[in-house]
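K.L.:
Structure in structure tokens, see below.
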Amino acid sequence: MNAPPAPHRAGRAERDSVADILTDAFIDEPGLNWWLKQGARKERARARFFRAVVRDVVSPRRELWSSGDDAAAVWCPPGAAAFRMSPLKELLLTPFWLSIAGREGMRRAMAFGAALAEHHPAVPHAHLVFLGVRRRAQGRGLGSTLLKAGLAPIDAARLPAYLEATLERNVRLYLRHGFEVAAEFDAPGGGPHVWAMVRPAA
20 MNAPPAPHRA GRAERDSVAD ILTDAFIDEP GLNWWLKQGA RKERARARFF
70 RAVVRDVVSP RRELWSSGDD AAAVWCPPGA AAFRMSPLKE LLLTPFWLSI
120 AGREGMRRAM AFGAALAEHH PAVPHAHLVF LGVRRRAQGR GLGSTLLKAG
170 LAPIDAARLP AYLEATLERN VRLYLRHGFE VAAEFDAPGG GPHVWAMVRP
220 AA
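According to the numbering used here, the sequence shown holds residues 20 to 221 in order.
This is how it looks when you write it as structure tokens:
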């Protein structure tokens, strides 16, 4: 059996592959399930969401990481807040958000985003926005390998790292890699339980 490709910063040509991996990995993630469309439109809504994520909806400075066709991650470097955009860009994206979330989903997403923003560290930090492994490849250590690769330059720069998790099994993974639970909270309006986690600077 061939070894998986080494984790690396993904280039422009790999953006759609990263989006496909994350679409599959996050198909049942509680946070996205709470505000994106469900039912027959569920997979399409997630696919369109992650196609936007790998371009510049998260941040023009977002960093994509990949390990072949099975594991991918999205990081925001210090100073690049995820999903923070100008009022004009928010207005221009309104039809897109409505198409994948609907009005109620948009309301939930805004409330969820505001709650998440309250728990970010006050000091400069790297933010792991998404890390996922295709369902067919889970349990093989690909997520851990990709996480270590993404953390290496952060450790070299002596920066803390931050993430949010909505699944307890993922919390256990991140604890093994030096993250600590900084806060737990429920998203407003009946949303998912969230663990805000920080990894101190090396």
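For each residue, glycine too, the CB sits at the ideal point set by N, CA and C.
Buried or exposed: where does A215 fall if 16 or more other Cβ atoms within 10 Å of its Cβ makes it buried?
P.N.:
Translated into positions along the sequence shown, residue 215 becomes position 196. Buried, by the Cβ-count rule.
K.L.:
Check whether the Cβ atoms of E238 and R31 sit closer than 8 Å, and answer yes or no.
P.N.:
An answer regarding residue 238 cannot be provided, because it is not within the stretch 20 to 221 covered by the chain.
K.L.:
Put V73 into one of helix, strand or coil per three-state DSSP.
P.N.:
Sequence index remark: in the sequence shown, residue 73 carries index 54 (1-based). DSSP places V73 in helix when its eight states are reduced to three.
K.L.:
Along the beta strand (DSSP E) that carries A86, what are the first and last residues, could you check?
P.N.:
As a position in the sequence shown, residue 86 is number 67, starting the count at 1. This sequence places Ser at residue 86; Ala is not what is there. Segment E82 to S86, the beta strand (DSSP E) holding S86.
K.L.:
With which residues is Y181 paired in a DSSP beta bridge?
P.N.:
Within the sequence shown, the letter at position 162 stands for residue 181. Answer is H146 and V217.
K.L.:
Run the CB neighbour count on F17, radius 10 Å, all protein chains shown included, and call it buried at 16 or more, exposed below.
P.N.:
Here the chain comprises residues numbered 20 to 221, so residue 17 is not present and cannot be evaluated.
K.L.:
Have a look at R103, S78 and A220 and flag the residue whose alpha-carbon is nearest the alpha-carbon of V142.
P.N.:
Against the sequence shown, residue 142 aligns to sequence position 123. Out of R103, S78 and A220, A220 has the C-alpha closest to the C-alpha of V142.
K.L.:
In terms of DSSP beta bridges, what is V92 paired with?
P.N.:
Position 73 of the sequence shown, counted from the first residue, corresponds to residue 92. Here the sequence assigns Ala to residue 92, which means Val is not the residue at that position. In DSSP, A92 forms a bridge with W84 and L150.
K.L.:
If I'm right that H138 touches A201 with Cβ under 8 Å, what's the distance once you round it to whole angstroms?
P.N.:
Taking the sequence shown and counting its residues from 1, the one referred to as residue 138 is at position 119. Taking the sequence shown and counting its residues from 1, the one referred to as residue 201 is at position 182. Right, their Cβ atoms sit about 7 Å apart.
K.L.:
If you draw a straight line from the alpha carbon of D15 to that of A175, how long is it in whole angstroms?
P.N.:
Because residue 15 is not part of the residues shown, which for the chain are 20 to 221, the question remains open.
K.L.:
Are any of the Cβ atoms in chain D nearer than 8 Å to that of G197?
P.N.:
Within the model displayed, chain D is absent; a lone protein chain is all it includes.
K.L.:
Can you give me the Cβ contacts of L182 inside the same chain, cut-off strictly under 6 Å, excluding the 5 residues immediately before and after it?
P.N.:
One-based indexing of the sequence shown puts residue 182 at position 163. Cβ neighbours of L182 beyond the five flanking positions: L147 and M216.
K.L.:
Taking DSSP's pairing of strands, which residues face A202 in a bridge?
P.N.:
On the sequence shown, residue 202 is found 183 positions in, with the first residue counted as 1. Note: A202 sits in a beta bridge opposite A215.
K.L.:
Please check the pair G151 and F45, which I expect to be a contact at CB under 8 Å, by giving their CB distance rounded to whole angstroms.
P.N.:
Numbered from 1 along the sequence shown, position 132 holds the residue referred to as residue 151. Numbered from 1 along the sequence shown, position 26 holds the residue referred to as residue 45. Contact holds; Cβ gap of about 6 Å.
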